[in-house]
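To keep things clear, I will list the structure first and then write my remarks on it.
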Amino acid sequence: MAYDEVLAQRIHDLVDGEAGWTSKKMFGGLGFMLDGHMAVAAGSSGALMVRADPADGDEWVDGESVQPMEMRGRPMAGWLLVSQDALAGDQQLQVWVDRGATFVRTLPPK
């Protein structure tokens with residue numbers, strides 16, 4: 001299934017013009033990379049994949065709109081899946097993009 005193009009455009013609108021951001025099609029989604037590390041990705045059905053410090057991510061999971069990311073039935077440590085409902089406004093989307101960006105800035109350069 002293809003990624004949500006509306007969500008992808010919203011993310012582009014937030015990060016375009018900021019240094020270090022690129023996008024890349026991968027795993028059926030569109031990943032947004034900051035200095036070579038994927039910070040967020042537009043998935044199908046308007047969901048957003050967010051890279052997060054596992055310690056912080058646990059406190060953001062609410063079991064409804066924010067859940068641990070799973071791929072092929074296996075949990076992916078350090079990744080969250082944020083539902084479309086939690087991204088209705090641009091400020092809500094900005095919060096999650098910032099969370100992903102904040103974490104990847106702590107990673108060693110690629």
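For the record, in the sequence shown the residue sitting at position 110 is 110 according to the UniProt record's numbering, with numbers rising by one throughout.
Cβ coordinates follow ideal geometry from the N, Cα and C atoms, glycine included.
Residues in its own chain within less than 8 Å of residue i by CB, not counting five upstream and five downstream?
i, result
"D35", "G20, V104, R105, P109 and K110"
"A2", "G28 and S44"
Below 7 Å between beta carbons: does that hold for residue i and residue j?
i, j, result
"S65", "A52", "no"
"L107", "H37", "yes"
"D4", "G46", "yes"
"L30", "A55", "no"
"R10", "V50", "no"
My output table needs one value for residue i: the three-state DSSP class, helix, strand or coil.
i, result
"P68", "strand"
"P54", "helix"
"G105", "Sequence inspection shows Arg at residue 105; the Gly mentioned does not correspond to that position. Coil at R105, not helix or strand."
"A47", "coil"
"A8", "helix"
"G17", "coil"
Can you give the beta carbon distance from residue i to residue j, rounded, assuming they're within the 8 Å contact cut?
i, j, result
"W79", "M69", "4 Å"
Leaving out five residues before and five after residue i in sequence, what residues of the same chain have Cβ atoms less than 7 Å from its Cβ?
i, result
"L14", "L93, Q94 and V97"
Taking residue i as the reference, which of the options has the closest Cα?
i, options, result
"T102", "G89, A39 and Q84", "A39"
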